[in-house]
Each structure stands twice: as structure tokens, then as C-alpha cells.
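Read the structure below first, then the notes.
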Amino acid sequence: MATMRAARLNITDRTLEVTDVPRPVPGRGQVLVRVRAAGVCLSDVHLIDGTLSPLHLDEDTVTPGHEVSGVVEELGPEVLDVEVGDRVALQAGEHDRHGRVLTRGVDYDGGWAEYALAGEDTLVPIPDELSFEQAAIIPDAVSTPWAAVTATGDVRPAEAVAVWGVGGLGAHAVQLLRLVGAAPIIAADPDEHARARALEYGADVALDSTAADFLTRIGQLTHGRGLDAAFDFAGVPVVREQAVRVLGEHGRLVLVGLTDKPLEVGDGTRFSYLRQQILGHYGSEAEHVVQLVDLVRAGRLEFSRSISGAFSLEEAPKAVEQLEKRIGSPVRLVLQP
Numbered sequence: 039m040a041t042m043r044a045a046r047l048n049i050t051d052r053t054l055e056v057t058d059v060p061r062p063v064p065g066r067g068q069v070l071v072r073v074r075a076a077g078v079c080l081s082d083v084h085l086i087d088g089t090l091s092p093l094h095l096d097e098d099t100v101t102p103g104h105e106v107s108g109v110v111e112e113l114g115p116e117v118l119d120v121e122v123g124d125r126v127a128l129q130a131g132e133h134d135r136h137g138r139v140l141t142r143g144v145d146y147d148g149g150w151a152e153y154a155l156a157g158e159d160t161l162v163p164i165p166d167e168l169s170f171e172q173a174a175i176i177p178d179a180v181s182t183p184w185a186a187v188t189a190t191g192d193v194r195p196a197e198a199v200a201v202w203g204v205g206g207l208g209a210h211a212v213q214l215l216r217l218v219g220a221a222p223i224i225a226a227d228p229d230e231h232a233r234a235r236a237l238e239y240g241a242d243v244a245l246d247s248t249a250a251d252f253l254t255r256i257g258q259l260t261h262g263r264g265l266d267a268a269f270d271f272a273g274v275p276v277v278r279e280q281a282v283r284v285l286g287e288h289g290r291l292v293l294v295g296l297t298d299k300p301l302e303v304g305d306g307t308r309f310s311y312l313r314q315q316i317l318g319h320y321g322s323e324a325e326h327v328v329q330l331v332d333l334v335r336a337g338r339l340e341f342s343r344s345i346s347g348a349f350s351l352e353e354a355p356k357a358v359e360q361l362e363k364r365i366g367s368p369v370r371l372v373l374q375p
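Here my numbering is used: the first residue of the sequence shown is 39, the next is one more, and so on.
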């Protein structure tokens, strides 16, 4: 039996080990992809530390990695529109026969391995000019903020917006808000490195969200009208409290960062009078990844500065530690199996 190297996470004791496992064989409608790059996401860290648990995993071990790109190695039966050698990115999840949304690398094996299985309908062709490293992070690191901005937040040109938390997703949110014409774009983060990055990615101003005059500055920057859209990528209660206070008429607060803490609206009368909204957001749809690849192909986007470091598959635990401790304030780290 052919084997391959893979990082395996035991969900019971949360241990991560790179080991030899059987190389998978594609079934009907599936392909085997030779993984060339796989992103290391904060969700992976949460899966490993126990903050996040799979809802639909059938076993007690899983190969993490929901941001994956590579080359088609082998075709299963009834695969019609894919050829061996095709360069592809993989959607971060899929629907099962019961209609449930399953996440790659959480509910079934992902891309922290030499090879990964994927349904034909989850493949996104990528152009030659798009590197595997950049292609790998588009599903989730870029597609989640893209969907938050264009779908859930429905941001229009010249709308005043703010992004709280300029990490892996928030930095891309700034870049994408610039693309759709939002103005002004205000970035908020207590980390000075994150604020500097926000300006590089296209923010008009970057503020320390812990400063005493923080909310006053947002009022000044929006000429007293408040924000049309606020994006919480931090998942911190105080962020949500701040955002609600500076929303303008018809303002939308989009919750992207995850937390199990309660959400409170201090002045419900004002919230209702201004017809404001709080909108939950999670992940993206298949078309969002396709749109982003098309924008890269058209020369409107590129993500080379988002790749903060690359590691071998054997160094997966080291990459996780670096992201968890935010060493070097990374946007995205990638594994290269």
C-alpha cells in the first residue's frame, strides 16, 4: 500500500503528529491532488487547542488544512472536466448528501499532507501566474472577508467603513474594501505592527482602538455621520460595543471574528431609531473563490505580501506555534509538503 506524510490531529487529546498514513485513492467524482501549498489559519490553531471542535468528523483523528492548492495527480471514476496536471485551488468545504456544510481539514481530511482528496466540484482552476502559495490562501483568508464585504456587508462605493482586527482576515478586508471603493477606510488595532500593515494594505487611517480618543476620531473622520459598515474580525466583546456606538444611520455591524461571549446593545432605542443592523458572517460561498481568482487573473489583486513565511510539512507544529504566539505578526503562513 502506498503511503504519504501527513499531519494528523487527535481530537481526543489534541496532539498533532506528522506521520506516515495510507495514500488515499480517489473514488467516484473525486481527484487526488498533489498538495503544493497549504495555509496555516487561526482556525487551525483553535482546532488544535480545543477551542474549535468538529461537528461531523466520523473518527477521532483528522488531517488539518482548509486552505489548499496543488496539482491534480490522479482521477477517480466519472471525473469529466479535469485533467492530470491541472493547477487548482480547493474550496474550503462542501455539502454532503444530507445538505450539511462540511469543512475541509475539520470534518474530513484536509491539506496538511502530501496528497489530498477533493470532489471534482470543489476544484477551482488557477492561472499559471498565480503561485501555489497565494492560491492556497484565497479560500478563507481572502474569500471570507470578500464575502463579508460584498455579500453580508453589501458595501457600496464611498461608504465609510472600519475594520477592527487587522490580522490574516482583517488585512485582506482592508485591501478588498479599497477595491470596492469604500471611503474612508479606518483600521483599528492595538498592535502597532498591525496598524502599519493596515496602511500598507490600503487603509486611509489606522487607529489604536485602546486610545482614549478612539471613538471621537471615528466621528471626526466620518464628519459626524458615523460608519456605514463596521467589521469585527477580532471576536472581542469590547470591539462590538465600540462598533455599535459609532454606527451611523442604517449602519451595519458585521461579525466575522468568532466568540462565545454575549453581545449587548447599550442603547436599544437609538439602535432602532437609526435602523441599524447586526449581521453574523461565516466563511464564503464557492462563487467568492472563483471571483477572486478571476480578479487575480485580470490583474486587479495579488497576495504576495500576505505570505509571511513558508514551512515544510515536518515543521507544521512550528508553524502553528509561530501563528499562535503571533511571532513576527504574520498575515498567513503556509506549509509546502
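We put the CB at the ideal spot given by N, CA and C, even for glycine.
Please read all numbers here as calculations on a predicted model, not as lab measurements.
Query	Result
Residue 93, buried or exposed, once every other Cβ within 10 Å from all chains shown has been counted against 16	exposed
Per DSSP, cross-strand counterpart(s) of residue 374	350
Same chain only: Cβ atoms within 6 Å of residue 113, ignoring 5 sequence neighbours per side	69
Proximity below 8 Å, CB of residue 171 to CB of residue 365	no
Residue ranges of each beta strand (DSSP E) within the stretch 110-177, 3 or longer	125-128, 131-133, 139-141, 153-157 and 161-163
Environment of residue 141 [buried if 16+ CB atoms lie within 10 Å]	buried
For residue 201, the residue or residues it bridges with in DSSP	225 and 269
Rounded separation between residue 144 and residue 256 - CA only	38 Å
Nearest-angstrom beta carbon gap, residue 63 and residue 45 [assumed within contact, 8 Å]	Not really, about 20 Å apart at Cβ, beyond 8 Å.
Collapsed DSSP secondary structure at residue 220 in the structure displayed	coil
For residue 45, the first and last residue of its enclosing beta strand (DSSP E)	41-48
The beta strand (DSSP E) enclosing residue 60, as first and last residue numbers	53-60
Coil, strand or helix - residue 288 by DSSP	strand
7 Å Cβ shell around residue 237 - same chain, five flanking residues per side excluded	244
From 264, 164 and 206, residue whose alpha carbon lies closest to that of residue 272	206
Residues bridged to residue 263 [DSSP beta-bridge criterion]	Partner(s): none; residue 263 has no beta bridge.
Exposed unless 16 or more other CB atoms sit within 10 angstroms - verdict on residue 89	exposed
DSSP state of residue 99 mapped onto helix, strand, coil	strand
According to DSSP, residues forming a beta bridge with residue 345	370
Inter-residue Cα distance where the pair is residue 192 and residue 317	11 Å
Residue 258 versus 87, 213, 198 and 211, residue with shortest Cα-Cα distance	198
Among 369, 118 and 353, the one whose alpha carbon lies nearest that of residue 54	353
Inter-residue spacing [alpha-carbon to alpha-carbon] between residue 362 and residue 87	10 Å
Start and end residues, beta strand (DSSP E) containing residue 318	315-318
Within 8 Å, strictly: CB atoms of residue 351 and residue 373	yes
Under 8 Å between C-beta atoms of residue 186 and residue 294	yes
Backbone secondary structure at residue 296 - three-state DSSP	coil
Contact the stretch 91-106 vs the stretch 292-306: 3+ CB pairs below 8 Å	no
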